[in-house]
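Colleague: Residue numbers (this note's numbering): 13 to 736. All C-beta atoms, glycine included, are put in the ideal place defined by N, C-alpha and C. Just so we're clear, the structure is a prediction, and the values are computed from it rather than from any experiment.
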Amino acid sequence: MYANVLVEYNVKSLDKSFTYKIPSNLVDKIKPGMQVIVPFGKSICNGFVLNLTNEVNEDVEIKSIYKIKNEEIILNQELLALGLYLKETTLCNLISAYEAMLPSDVKVKSKKVNNKYVTYIKIAVALSKVEDYIKDHARSKKQISILNQLLEEEMVLKTAISGTSLNELLRIGLVCEEQVQVYRINKDNKKKDLVKLNDYQMKVFDEVVFNEAKTYLLHGVTGSGKTEIYIKWIKKALNLKKTALLLVPEITLTTQIVNRLYDVFGCDIAILHSGLSDGERQDEYLKILRKEVRVVVGTRSSAFAPLENIGVMIIDEEHSESYKQENNPKYDAIEVLKKRSLNHQCPLILGSATPSLDSYARASKGVYQLLELNKRANDAMLPIIHLVNMEEEYKKRNMIISSMLKEFMEARLNNHEQIILLLNRRGYSTILNCSNCGFTYKCPHCDINLTYHKTNNHLRCHYCGYTTFLKDKCPNCKSDAINDFGLGTEKLEKEVSKLFPSARIIRMDADTTTKKNSHDEIIKKFANYEYDILLGTQMISKGLDFPKVTLVGIVNADQSLNMPDFKASERTFQLLHQASGRAGRSSSIGEVIIQTMNPTDYTLNCIKDNNYQMFYKHEMQIRKNLKYPPYYYLALVKIISKDYDTVLKESNKVYKYLLKNLSNVEILGPTTAPIFKMNNKYTMQIIIKYRKADNLYKVLKELDNQYLLDKLTNIEIDTSPKNI
Ligand code: ADP
Ligand code: ZN
Ligand code: ZN
13 MYANVLVEYN VKSLDKSFTY KIPSNLVDKI KPGMQVIVPF GKSICNGFVL
63 NLTNEVNEDV EIKSIYKIKN EEIILNQELL ALGLYLKETT LCNLISAYEA
113 MLPSDVKVKS KKVNNKYVTY IKIAVALSKV EDYIKDHARS KKQISILNQL
163 LEEEMVLKTA ISGTSLNELL RIGLVCEEQV QVYRINKDNK KKDLVKLNDY
213 QMKVFDEVVF NEAKTYLLHG VTGSGKTEIY IKWIKKALNL KKTALLLVPE
263 ITLTTQIVNR LYDVFGCDIA ILHSGLSDGE RQDEYLKILR KEVRVVVGTR
313 SSAFAPLENI GVMIIDEEHS ESYKQENNPK YDAIEVLKKR SLNHQCPLIL
363 GSATPSLDSY ARASKGVYQL LELNKRANDA MLPIIHLVNM EEEYKKRNMI
413 ISSMLKEFME ARLNNHEQII LLLNRRGYST ILNCSNCGFT YKCPHCDINL
463 TYHKTNNHLR CHYCGYTTFL KDKCPNCKSD AINDFGLGTE KLEKEVSKLF
513 PSARIIRMDA DTTTKKNSHD EIIKKFANYE YDILLGTQMI SKGLDFPKVT
563 LVGIVNADQS LNMPDFKASE RTFQLLHQAS GRAGRSSSIG EVIIQTMNPT
613 DYTLNCIKDN NYQMFYKHEM QIRKNLKYPP YYYLALVKII SKDYDTVLKE
663 SNKVYKYLLK NLSNVEILGP TTAPIFKMNN KYTMQIIIKY RKADNLYKVL
713 KELDNQYLLD KLTNIEIDTS PKNI
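1) Going by Cα to Cα distance, which pick from Glu-662, Tyr-640, Ser-663, Asp-570 is closest to Asn-617?
2) Mind checking which residues open and close the alpha helix (DSSP H) that includes Met-46?
3) Under the rule that 16 or more other beta-carbon atoms within 10 Å means buried, what is Thr-463, buried or exposed?
4) Using C-beta distances below 6 Å, list every residue in its chain close to Val-348, excluding the 5 sequence neighbours before and after it, in chain order.
5) Can we count Gly-602 as close to ligand 1, meaning its CB is less than 8 Å from some heavy atom?
6) What did DSSP end up calling Leu-799 once you bin it into helix, strand or coil?
7) Per DSSP, what are the beta-bridge partners of Phe-538 in this structure?
8) Closer than 6 Å by C-beta to Gly-602: which residues in its own chain qualify, once you throw out the five before and the five after it? Chain order, please.
9) At the level of alpha carbons, what is the spacing between Leu-38 and Lys-79?
10) Ile-605 and Gly-565: beta carbons closer than 9 Å?
11) Which stretch, first to last residue, makes up the alpha helix (DSSP H) that contains Leu-580?
12) Is Gly-237 near ligand 1, in the sense that its beta carbon is under 8 Å from a heavy atom of that ligand?
13) Tell me whether Asn-63 sits in a helix, a strand or coil according to DSSP, three-state version.
14) From Ile-326, Lys-134, Thr-176, Arg-183, pick the residue whose C-alpha is nearest to that of Asn-160; which is it?
15) At the level of alpha carbons, what is the spacing between Lys-629 and Ala-373?
16) Does Phe-451 come out as helix, strand or coil in the three-state DSSP assignment?
17) What residues in its chain sit with their C-beta under 7 Å from that of Phe-688, if we drop five residues either side in the sequence?
18) In three-state DSSP terms, what is Ser-441?
19) Tell me which residue opens and which closes the beta strand (DSSP E) that Leu-546 is part of.
20) Keeping to the same chain, check which residues put their C-beta closer than 7 Å to that of Leu-252; ignore five residues upstream and five downstream.
21) Starting from Ala-15, trace the alpha helix (DSSP H) both ways and give me its first and last residue.
22) Which residue wins for smallest C-alpha separation from Ala-109, given the options Ser-313, Thr-267, Lys-123?
23) Per DSSP, what kind of secondary structure is Leu-139 in: helix, strand or coil?
24) With DSSP collapsed to three states, give me the class of Cys-188.
25) Mind checking Ser-415: buried by the 16 CB within 10 Å criterion, or exposed?
26) Can you name, in chain order, every residue of its own chain whose Cβ lies under 6 Å from the Cβ of Gly-439, other than the five neighbours on each side?
27) In or out: Gly-498 buried (at least 16 other Cβ within 10 Å) or exposed?
28) So the candidates are Gln-718, Pro-115, Ser-491, Leu-556; which of them puts its Cα closest to the Cα of Leu-284?
29) Among residues of its own chain, excluding the 5 on either side of Lys-620, which ones have a beta-carbon nearer than 8 Å to its beta-carbon?
30) Note down, one range per segment and in chain order, each beta strand (DSSP E) of at least 3 residues found wholly within the region 261-328.
31) Buried or exposed: which applies to Arg-519, given that a residue is buried once 16 or more other Cβ atoms fall within 10 Å of its Cβ?
32) Can Gln-213 be considered in contact with ligand 1, in the sense that its beta carbon sits closer than 8 Å to one or more heavy atoms?
33) When burial is assigned at 16 or more other CB atoms within 10 Å of the CB, is Phe-627 buried or exposed?
34) From Ile-651 to Leu-660, what distance separates their C-alpha atoms?
35) Quick one: is Glu-73 buried, meaning 16 or more other Cβ sit within 10 Å of its Cβ, or exposed?
36) What is the DSSP secondary structure of Val-194, reduced to helix, strand or coil?
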């Protein structure tokens, strides 16, 4: 018997299987999907058994499998096939696809994660013997009490009864030890009742057909009670004797939703996310494999949870970009679950208050079935939104907090209500704007903001390569107030505490949440009303439900609007709409203040009117005119080299190759990547816009193969880029 084994090395040239002999002692044990240790070259490495075979090529020397790495963690047939699907659609190496599915690193060198055990004591002999012993040793009180306890409880923790009496019982063999695995995460099984769905929720709930592969888009305004419907769907799947999978964005951002699920399903849940320790993650994975849980909640990689017989799959906040993996395998969890919904013939539901344009366009065309919820669940009103013109405020020297926001904050503080302030900022923003008139530099060809490159004083379009020089004066108002708007959370915190010295302020951003669980703690404290004001970045905009929050202030709406990306408006809509949704989620009405230099901006006005459809129609027109998704699909080819001349030369070669081999596509570039030089490597990129894939994957795969052994140049391909 032989096995075809894929080795652990994630390099293109080893992306194929090698045949090994199965030694006689392992013949009945080795199965496809199992991790094994094999000799490879002069050393040993980890591998994956792809399949078993009787046929071998007699000409080459065949080595034997050395041993099994883990008998329990095996990829099932569905996941093995899913790996092949990922390889084909994302052009990754097969090993990286399988690695993405497993709870821990496959490499031999990686630290082994051990199961955690505790020692129990139990009776080791026939009961009559114990009874005889008790009769004969009436004076050994301690021993007898241990034996009586064991007769009653069967197993007792060793630490609870240890001592000389126990040692004696162990020595004479009346009792023995037993190792029992304990999971690092344990939830009690107290269960709370389900909320009774209102008529609107009930209607949505009933629309979903179980036992049929179909994708639904649930577009429900913030607070419309989507989570409660998810819970009912999951419950229904369990009643049908099936399992359920729920994906959430970053789990730390959604602690509240996870806790709600624990309330309902108790210990019937496994959670999987990057915040777990290796041990915790392996335990949770084992719970699924051992079929001890029927519900899995987790982030992107949980799309590969080894659940069997799935009855429903749900993706919350489906617009979130965290569902797309940026490094290999560059998969999109939504696409993975669509594939799995076919495998399991079960519904897939995408939920969001602000669906991605892609998803909404599909729903409009009937590719997905659209489900809508326009009302908040507990009769709370949607918030009232005000736009404040910061141009006017700058003239009054209100540089950070407008007079209106200040006034509103004062009123909330006096009323003992809570406030959230959002600083809209992404790490690498180098967008220049004029603090006098709000002018920003845009590319004349792409309607995208230009990025500033300090080194050569250039402004550049990362999309088409258009470049211009920065002038000293603002081209619009001729003032010299052009600057990059670099307001940080710390500065904001200082300003707010200056304005409201007695307010209790807590800050949440990348700096204050580095420690494990610090995110949860901030949220818990704020929810307990230990603070009046929560201020922070994007992190605070999603999924949180604080009844006492009645005011949300968006300090600088323009930052994300001005990103050099065709999705800037879409992202801004999502971010600000989600953030606004934090206001007034209970009986008192919420208000939102959006501070902006562009009060007439279309996107901001759609947010103001709580009007997703209006935004959708307008933005789709722009996408159509400029041939962006969802009208066109994109593929991104990156050409990377340490050598400057090589990267330029090779990117032109790649461009010509694509031009020659692809038809009915638009090829843009080569241009510099958003970060041209990184780790002393240069990256150029080429963007392919297409409507039908035709031979695209084949041509890209061949391109990839051409650079297989090239030491100087590397090619990276993303067939569904979310950032370009
Ligand atoms: P979403 O996920 O759509 O933003 P949630 O599911 O978080 O909304 O619900 C918002 C609030 O409304 C929560 O406090 C929730 O407990 C409450 N809620 C949801 N459904 C109902 C219902 N049928 N009856 C009463 N309260 C509900
Ligand atoms: Zn351009
Ligand atoms: Zn200006």
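Modeller: Per the coordinate set shown:
1) Asp-570
2) Met-46 -> not in any alpha helix (DSSP H); beta strand (DSSP E) instead, spanning 46-52.
3) By the 10 Å Cβ count, Thr-463 comes out buried.
4) Its chain contains Ala-315 as the residues whose beta carbon lies nearer than 6 Å to that of Val-348, once the 5 sequence neighbours on both sides are disregarded; these appear in chain order.
5) Checking every heavy atom of ligand 1 against the Cβ of Gly-602, none is found closer than 8 Å.
6) With the chain covering 13 to 736 only, the question about residue 799 has no answer from this structure.
7) Phe-538 pairs with nothing; no bridge assigned.
8) Pro-395, Thr-562, Ala-595, Gly-596
9) 8 Å
10) yes
11) In the sequence on display, residue 580 carries Ala and not Leu. Where Ala-580 is concerned, the enclosing alpha helix (DSSP H) stretches over 580-592.
12) yes
13) strand
14) Among Ile-326, Lys-134, Thr-176, Arg-183, the Cα nearest to that of Asn-160 belongs to Lys-134.
15) 10 Å
16) coil
17) Tyr-694, Thr-695
18) Since pLDDT at Ser-441 reaches only 44, below the 50 mark, its modelled position is unreliable, and the value read off the structure follows with that caveat. In this structure, DSSP gives Ser-441 a state outside helix and strand, which the three-state scheme calls coil.
19) Leu-546: member of the beta strand (DSSP E) spanning 545-548, first to last residue.
20) Phe-222, Gly-323
21) It is not in any alpha helix (DSSP H) - Ala-15 instead sits in the beta strand (DSSP E) that spans 14-19.
22) Ser-313
23) helix
24) strand
25) exposed
26) The predicted position of Gly-439 is uncertain, since its pLDDT is 39 and thus under 50; no value can be drawn from it.
27) With a pLDDT of only 49 at Gly-498, under the threshold of 50, the placement of this residue in the model should not be trusted; the figure read from the coordinates follows. By the 10 Å Cβ count, Gly-498 comes out exposed.
28) Of the candidates Gln-718, Pro-115, Ser-491, Leu-556, the one whose C-alpha sits nearest the C-alpha of Leu-284 is Pro-115.
29) Excluding sequence positions up to five before and after Lys-620, its CB lies within less than 8 Å of the CB of Ile-397, His-398, Leu-399, Ile-606, all in the same chain and listed in chain order.
30) 281-284, 307-310, 322-327
31) buried
32) yes
33) buried
34) 9 Å
35) exposed
36) strand
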